[in-house]
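Read through the structure below, which is laid out as structure tokens, and then see the notes.
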Amino acid sequence: MVMAAFGMSESLTSRELNQAADGLNSLSSVLRSTQPKKYKSKPNRVSQAKRRKYARQGR
């Protein structure tokens with residue numbers, strides 16, 4: 144009786160674990176699609192000297 148109950152609970156937990164894993168996989172795929180891109184298409188290559196020059200000019 145105890146072994147049968149243990150076996151039943153084990154099968155339930157494995158099913159629940161599989162469902163939880165599927166849920167996490169779908170959630171991570173959604174989060175991956177909503178994250179911003181890691182690299183800009185055009186990197187910002189303005190040197191520090193140009194930044195100072197533009198700041199003096201008021202731009």
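Residue 188 in this note's numbering is what sits at position 45 of the sequence shown, and the numbering runs on without skipping anything. C-beta: ideal position from N, C-alpha, C; glycine also. None of the values given here were measured: they were computed from a predicted structure.
- The three-state secondary structure of N187, taken from DSSP, is coil.
- In the structure shown, the three-state DSSP call for G201 is coil.
- In this structure, DSSP gives K196 a helical state, which the three-state scheme calls helix.
- Collapsing the DSSP output to three states places Q162 in a helix.
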